[in-house]
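Reading through the structure tokens given below for one structure.
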Amino acid sequence: MQIEVVKSKIHRVKVTGADLNYIGSITIDEDLMDAANVIKGEKVQIVNNNNGERLETYAIPGPRGSGELTLNGAAARKVAVGDILILITYARMDIEEAKSFNPALVFPNEETNLLK
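For the sequence shown, the positions run 6 to 121 when the working numbering is used.
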């Protein structure tokens, strides 16, 4: 049997942009993606601490060291620039593997979205 567990989390990052006219996704500073072990195209759950919205989309890399966190397409309607988000990815694994698995937890600077 397999279960779904948290693979990675980027905790409390600030929205820097919302682009309704982009095709879709969330643009994330590639340094944050690397630190959280998130790959291009990976499904990401987004939790908005400001308004309670929860949604899913996929990650695309933004410029390294930029602190960029932009919601694109329809997801742009679910955030405002300055909102604080938690980004979560999940993985399926066997129960025994899950018992010893350690997710990548990233706590960037909340003002700049940069790694401390």
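Backbone N, C-alpha and C define an ideal beta-carbon position, used for all residues, glycine too. All values derive from a computational prediction rather than experimental measurement.
Check	Outcome
Every unbroken alpha helix (DSSP H) within the region 16-57, with a cutoff of 4 residues, ordered by chain	35-40
Beta-carbon proximity check, residue 67 vs residue 33, cutoff 7 angstroms	yes
Whole-angstrom C-beta distance between residue 52 and residue 91, which should lie under 8 angstroms	4 angstroms
For residue 96, the first and last residue of its enclosing beta strand (DSSP E)	89-99
Residues sharing a beta bridge with residue 72, DSSP	DSSP output for residue 72 lists no bridge partner at all.
For residue 66, the residue or residues it bridges with in DSSP	33
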